[in-house]
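In our numbering, the protein residues as written are 91 to 220.
Inspection log for the structure reproduced underneath, given as structure tokens.
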């Protein structure tokens, strides 16, 4: 959890504590990533999916990844993501992409207004077009 944005880390810790009261344990399967590691993941996705366009549905570039900036976490197992799906807005933790139920980012306005609508996948996110 090194290099995560402090507000994200705080929200995640509060949510994990409350989830534990419900018998749910969070695991951060992915947090901050170096630019080099993000590029490696992107290249692997291009190889796996056969094109840059298809890979972009799953892996952002180092310049656009919220993981590289410390603004995203990947959570597991599935009972933890189910708990966050139901309760995450209370902490400002929102699932951003419909195809990635494990990927959460901090959206402080969600505490009062609920999480924003999800993008189908990262290729639909305007932030990925920088």
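C-beta atoms are modelled at their ideal positions from N, C-alpha and C, and glycine is treated no differently.
Count the other C-beta atoms from every protein chain shown that fall within 10 angstroms of the C-beta of residue i, then say buried if there are 16 or more, exposed otherwise.
{"i": "residue 198", "result": "exposed"}
{"i": "residue 195", "result": "buried"}
{"i": "residue 124", "result": "exposed"}
{"i": "residue 141", "result": "exposed"}
Specify the secondary structure class of residue i as computed by DSSP and reduced to three states.
{"i": "residue 97", "result": "helix"}
{"i": "residue 115", "result": "coil"}
{"i": "residue 106", "result": "helix"}
{"i": "residue 195", "result": "strand"}
{"i": "residue 169", "result": "helix"}
Identify which residue in the options has its Cα closest to the Cα of residue i.
{"i": "residue 115", "options": "161, 163, 169", "result": "169"}
{"i": "residue 178", "options": "109, 190, 91", "result": "109"}
{"i": "residue 188", "options": "139, 104, 215", "result": "215"}
{"i": "residue 210", "options": "186, 218, 96", "result": "186"}
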